[in-house]
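The end of the sequence shown is residue 920 by the UniProt record's numbering, with every number in the run present. Here a beta-carbon is modelled for each residue, glycine too, at the ideal position from N, C-alpha and C.
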Amino acid sequence: MPDAPPQNVTVPSPEALAARAVDVALRDGAPIQVRPVTAEDLPALRTFLESLSADSRRLRFFTPAADLAAAARWAAEVDRHERDGLLAATGSGEIVGHAAWARFGPDRAEVAFEVAETMRGRGLATILLAHLAFGARAQGITTFVAEVLPENHKMLGVFRESGLPLQVSSEPGLLTVEMPTAFTDEARERFRQRERLAAVAAMDAVLRPRSIAVVGASPDPATIGGALFASLVAAGFTGALHAVNRRGRAIGTHHCHRSLDTVPGEIDLAVLAIPAADVLQVARTCGERGVRALVVVAAGFAERGPEGAARQRELLAICRGAGMRLVGPNCLGVLNTDAEVRLDATFAQTDPPPGGIGLLSQSGGVGIALLEQARTLGVGISAFASVGNKADLSGNDFVEWAEQDGRTRAILLYLESFGNPRKFARIARRVGERKPIVAVKAGRTAAGARAATSHTGALLAGSELAVAALFRQAGVLRVDTLGELFDLAALLERQPLPDGRRVAIVTNAGGPGTLAADACQSAGLELPRFDGELRATLAEVVPTSAGLGNPVDLLVDATPETFAGAVEAIGRSGAVDALIAVFVPRPFARASDVATALRGAAAALDGKIPLLPVFMTGELSELALEQSEQIVGNGQAALPLFRYPEEAARALARAADHSAWRRLPRGRLPELPGIRADEAAAIVAEALASQPGGGWLDALRTHRLLACHGLPLPAQQVVRSPTAAARAVTALGGPVAVKALLPGVVHTSDLGGVQLDLAGPTAVRRAARAMRERLERDGHRLDGFLVQRMAPAGIELLVGSTTDPLFGPVVACGLGGRAVELLRDVAVRLAPVTDRGARNMVRELATFPLLEGYRGAPVVDVAALEEVVMRVGVLADAHPEIVELDLNPVVVHPGGAVVVDARVRVAPAAEPAPTPALRR
């Protein structure tokens, strides 16, 4: 967007202003609303200013005797261009903060803030500054100027904490602070840190409450309220636990309150185990009591149609108004196995062991199955949350909480939808550097929600490829089944990540060893040959008749000590990055004894190399339970247990993938020369002015737009007649292509509107005339011709982007030409694309060998293709109005790359939400 102030200012309607309201989280996790000032706010503004103390008025207005009526009028009289303002308000409408700017030059504005005394120290002024700068930037304001009294340390602290570069000048009794309205990288990181702190504080109220009230608690364990309260009692919740039900019937030794009004002390968390019809009134009471967070387990909200959706919106509004955070509705509850908390506010009626897995499920039913499976397999859970409809708190908040939780080693997610996928990608990329994230994403086969007409749009219809791109870029390990989820969870909780893909197999049976070797190779793991030194070491600890290759076959009479000795010898050698031990039941050794021996071997290796035992026995559950009981007694770490070699190999390969992802350079967004973003924005705006609803750009605008972003185009001319086309070939030189310009037609070649390799004016004139006659006879309106110099011989590829409703612009690269949708050889990333991302995209293609001279073909300029991918990523990210962009083909040849054909569709873009903001 150009920085110059707009010439024609349109004052937004009240409806448009209401749409710009955004909910934000304060430093302590409490929600507040930030919205534009309107003239109707005048009385409330005056009340707010009058509530300020004399000292606050002096610091704001430089005198305690300011004319507050005039100040309120000034604040309410905004035109969005010369003057604008924002309010921070509670859900009840009470104003608790105000910020405003007033222009005093073409691109400079004075800025001022007021925050209620009760709200100070919670980060509200910093949030107002961020949102004020966002809006001012859109009006061409590049610099904020603030005049501050030297003793106003809190306001100066707000400016410093923003991360924006400050210029401070002074004169007696006054400081002048200047700062840009554009966020620097440091400022963005500061705001992200604030988001992180707010998310953790909000989740602490849910997962580390000091007191809980269960509304709907019942003595009947067959009810949800009864099961939930019984779970809290059985877990031994360490805080204050209160039961609330209308009848006031005691539950065991627990007194029961008839209402929240009689519950003593503060309440951090209220769990509402009541029908949906009663939730709203009880939520209001919770707000009046100062409850910090709610868990609403009842169904009957947004998942049940318009009436339920309206009820959910009202519930969220109640929570926002009272400063409460919300888990659910339509959820299973929450759990924290930390001995200092002992929280089980679920009705799952299962008791997973404590451990290192943070588990989140969007589905309550799947959540019950996950907790039961964790108990069965002995996989330890640190914390669990079922977020249900995700009206407020979501998976993003849980992941940020799990990041800082010292007990959580890995994070497992069952997801059905995304609320804010780009925020998830940013969070997951950071968290994944320290703690692996594993996800099952349901709904991967759903059809796309919109029709797509370009090649790129058809390839990327629906969000499945966008989900895959998000997970790949963020380092999230995606699995297809809940079984794979737990196989990987057991490994990540109990063993270190492998440093590479080399694996050794130790077994007491040749057949299963062969199966394990096949499974490893199928999963992309490597089975190295052992050198003479390692074979000699093994010969000292295994029977003389044992096979010393890889797999190592210990034979049928292998003892637990033999298994342990072989594992230790290989683990210490440095020859491999991981070990798989496969045990088949034999009379000579009990599975439990082998498991004990292998745990000892793992301990001797000091956790430096992962060990994956496979017990091909029907008693795996019993073995897991026995292992859990034993490790409590001897302090040894548990091992992951697998039933089949394929499960172990698959889990190990995914862990190796994550380890490799951590070692990869993260890539950067290079400074690409020749980009004129402002000029490109003007072209897009010009197109939308002529087509307010959007549509496909004509050829001239398309090529002007691509040229603004430095994309390589062939020499070409747009002409109106066959005669002009003949003249153009003389100017362009060489053989040319002639393409008909047909308004509204995307694939011109399908109608015979493209002729290639035409040499000389006569051939061009004849081809253009024949094309015009044929197309007009078929009822098509011809706007002219594009005459284009033929590209050098090379490989045809597609590069493009499409805007996903949730994920934003998604960039695609694949084999091009007319068969692109048939072959579907495509790699995708979310825009913008880093240099490393572009490199990896190109190399993920099944047809990549064609670019490297497959079977004697010329080696083409892959770096030029990568640059095209990056430039398309920048173009799509910079201009959200571009909803489809299709470069097909891009001919990549030994000397570079050239965009031979291009299509661009634009549409009005939704206004982006300022940052930081809660997911709405």
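Residues of the same chain with a CB within less than 6 Å of the CB of Pro-150, apart from the 5 flanking positions on each side, are Leu-175 in chain order. Taking 8 Å as the upper bound for CB-CB distance, Leu-269 and Val-244 are not in contact here, some 13 Å apart.
DSSP places Phe-48 in the uninterrupted alpha helix (DSSP H) bounded by 42 to 51. Remark: three or more beta-carbon pairs, one from each stretch, lie closer than 8 Å, so the stretch 379 to 391 and the stretch 296 to 313 are flagged as touching. Excluding its 5 nearest sequence neighbours in each direction, Val-898 has C-beta neighbours in its own chain below 6 Å: Pro-712, Pro-714, Ala-791, Val-891, listed in chain order. The Cβ-Cβ distance between His-893 and Val-860 falls below 7 Å.
Of the other Cβ atoms in all chains shown, fewer than 16 fall within 10 Å of the Cβ of Gly-607; this residue is therefore exposed. Taking the Cβ atoms as the reference, Val-872 lies roughly 7 Å from Leu-887, within the contact range of under 8 Å.
Only exposed fits Leu-664, as fewer than 16 other CB atoms lie within 10 angstroms of its CB.
Taking Val-341 as reference, the option from Leu-207, His-254, Leu-228, Ala-273 with the minimal CA-CA separation is Leu-207. For Thr-143, the enclosing beta strand (DSSP E) begins and ends at 143 to 148. From the listed residues Gly-794, Leu-482, Arg-409, the smallest Cα separation to Gly-853 is found for Gly-794.
Straight through space, the alpha carbons of Leu-497 and Pro-610 are spaced by roughly 7 Å. Here Arg-650 really is in contact with Ala-523; their C-beta atoms are around 6 Å apart, less than 8 Å. Taken through DSSP and simplified to helix, strand or coil, Val-859 comes out as strand. Of Gly-549, Ala-539, Val-542, the smallest CA-CA separation from Arg-529 is found for Gly-549. When DSSP states are grouped into helix, strand and coil, Ala-410 belongs to the strand group. In the structure shown, Ala-383 falls within a strand segment according to DSSP collapsed to helix, strand and coil. Here the alpha carbons of Arg-292 and Leu-129 stand approximately 26 Å from one another. The C-alpha of Asp-698 lies about 8 Å from the C-alpha of Leu-741.
DSSP places Ala-348 in no beta strand (DSSP E); its state is neither H nor E. Of all C-beta pairs linking the stretch 777 to 790 to the stretch 727 to 738, three or more are shorter than 8 Å, placing the two stretches in contact.
The way I'd put it, the stretch 56 to 66 does touch the stretch 107 to 127; three or more beta-carbon pairs between them come closer than 8 Å. Residues of the same chain with a CB within less than 7 Å of the CB of Gly-123, apart from the 5 flanking positions on each side, are Leu-26, Arg-27, Arg-194 in chain order. Counting every other CB atom within 10 Å of its CB across the protein chains shown gives Arg-472 a total of 16 or more, marking it as buried. Taking C-beta atoms under 8 Å as the contact rule, Val-282 and Gly-333 fail to qualify, at a distance of about 16 Å. Contact between the stretch 468 to 483 and the stretch 549 to 568 is absent: fewer than 3 CB-CB pairs across the two stretches fall below 8 Å. For His-242, the enclosing beta strand (DSSP E) covers residues 240 to 244.
By a beta-carbon distance limit of 8 Å, Arg-422 contacts Gly-808. Their separation comes to about 6 Å. Out of Lys-441, Glu-464, Arg-781, Gln-312, the CA that lies nearest to the CA of Glu-484 is found in Lys-441. With a beta-carbon spacing of about 7 Å, Ala-345 and Leu-335 fall inside the 8 Å limit used to define contacts.
Distance from Pro-209 to Gly-248 at the Cβ level is roughly 23 Å; contact not present, criterion being Cβ atoms closer than 8 Å. For Glu-484, the enclosing alpha helix (DSSP H) starts and ends at 482 to 494. The alpha-carbon separation between Thr-834 and Pro-354 amounts to approximately 40 Å.
Inter-residue distance for Ala-770 and Gly-753 is about 10 Å (C-alpha atoms, whole angstroms).
For secondary structure counted as the alpha helix (DSSP H) over 4 or more consecutive residues, the stretch 116 to 193 holds these complete runs in sequence order: 124 to 138, 153 to 161.
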